[in-house]
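Inspection log for the structure reproduced underneath, given as structure tokens.
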DNA sequence: CTTGCAACTTGGAATCATTCCATTTTGGTT
DNA sequence: AACCAAAATGGAATGATTCCAAGTTGCAAG
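Residue numbers (the working numbering), protein chains in the order written: chain E, 1 to 149; chain H, 1001 to 1149.
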């Protein structure tokens, strides 16, 4: 597996360099925080977590860094309804399951074939660069402990 | 086909009554405007269109009425990224295609089987009440004139 | 009818995530 | 060691949406 699809702390410096961007303590910390607890935090939640280690950081910087990570392709934005944007370092193709009872968002791994099946439903002339699949419902406790928010 | 899944102007009074709500000129007009031009307008766009016929209406009322129509089940909200919410009177199960070049949103009819296929990818313990599928890409002009925005 | 009143509408203020901006700081080069 | 573009910072601005308090209206009961 190439660094491009991995989600490890060291991928950051490489990715930044590839894009002609600098590695900064703020960017490194924010990326580390995202990898550390993969519960799809909002910018504000990231801000809170990051302040514990770097009290002087500003919310604007958190937004800036998250944006940078998204540009680099190391992090994906997840938008559910009109709620604040959430950030996800899982680069594998996956869907999201929004548990309406708990408010948690779980990652759902997808079988490789599903995307071609979905593209097949598009009428001629439609070229899809990406598909986003979001389930909404409720899940039994601890089905996927790692992705509970 | 029952009134419940139709999208015609007369379904409104019935649906409102069923929910113990009143039929008002504002609600009727807003619903009519949505049926009239199915281009997934924002609340603001609905406001503009509705003012032409009812100049005294307020934006707050437009939000209120749209919310009421959503509650009744006659209209669905469509959220794309962080953009303003759009409103859609198409009650048939369908996906959305967001054309990044034009900004337009097209409805994509889905074959009936697709939902069970998608539910099949959920791990045990996950109960999906709904699925939302959004494509992002570009489409050739006039592929679906009726749903171009 | 007409009265009563809860439901509805209205305009303006408030909210809140996010972006913008002007200024200061910093990483890395010459 | 000086330089400078890139980055960080705090605070103001933005924009969609919601909230609120006051005025209006649909309609059911008398």
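The beta-carbon is built from N, C-alpha and C at its ideal position, and this holds for glycine as well.
Nearest CB-CB separation between residue 132 (chain E) and chain H: below the 7 Å threshold.
Around residue 1122 (chain H), the beta-carbon contacts reaching into chain E at under 8 Å are 97, 108, 135. Excluding five sequence positions before and after residue 1094 (chain H), the CB atoms of its chain that fall closer than 7 Å to its own CB belong to 1107, 1108, 1109, 1110, given in chain order. In this structure, the CA atom of residue 1085 (chain H) is about 5 Å from the CA atom of residue 1079 (chain H). Under the 7 Å criterion on CB atoms, residue 128 (chain E) is classed as interfacial with respect to chain H. About 6 Å separates the Cβ atoms of residue 1074 (chain H) and residue 1011 (chain H), confirming a contact at the 8 Å cut-off.
Rounded to whole angstroms, the separation of the alpha carbons of residue 1032 (chain H) and residue 18 (chain E) is 52 Å. For residue 1037 (chain H), there is no enclosing beta strand (DSSP E), as DSSP marks it with neither H nor E. When 8 Å is used as the limit between beta carbons, residue 1085 (chain H) is near these residues of chain E: 82, in chain order. For residue 1010 (chain H), the three-state secondary structure derived from DSSP is coil. Using a CB distance cut-off of 7 Å, residue 1140 (chain H) counts as an interface residue toward chain E.
The C-beta separation of residue 1052 (chain H) from residue 1099 (chain H) comes to about 27 Å, leaving the pair out of contact by the 8 Å criterion. In this structure, residue 43 (chain E) and residue 70 (chain E) do not form a Cβ contact; the two beta carbons are roughly 11 Å apart against a cut-off of 8 Å.
Residue-level contact check: residue 1079 (chain H) touches chain E, since one or more beta carbons of chain E fall below 7 Å from its beta carbon. Listed along chain H are 1117, 1118, 1121, each with a C-beta nearer than 8 Å to that of residue 114 (chain E). At the C-beta level, residue 50 (chain E) and residue 66 (chain E) stay beyond 7 Å of one another.
The Cβ neighbour count for residue 41 (chain E), taken over all protein chains shown within 10 Å, is at least 16; the residue is labelled buried. At least one CB of chain E lies nearer than 7 Å to the CB of residue 1125 (chain H). Its chain contains 1012, 1013, 1016, 1017 as the residues whose beta carbon lies nearer than 8 Å to that of residue 1023 (chain H), once the 5 sequence neighbours on both sides are disregarded; these appear in chain order. Under the three-state reduction of DSSP output, residue 15 (chain E) falls in the helix class. Setting aside the 5 residues that flank it on each side, residue 1105 (chain H) is surrounded in the same chain by 1040, 1096, 1098, 1149, each with a C-beta closer than 6 Å to its C-beta; the list follows chain order. Following the DSSP letters along the chain, one finds residue 1114 (chain H) inside the alpha helix (DSSP H) bounded by residues 1113–1120. Residues are counted here when their Cβ sits less than 8 Å from a Cβ of chain E; for the segment 1029–1043 of chain H the count is zero.
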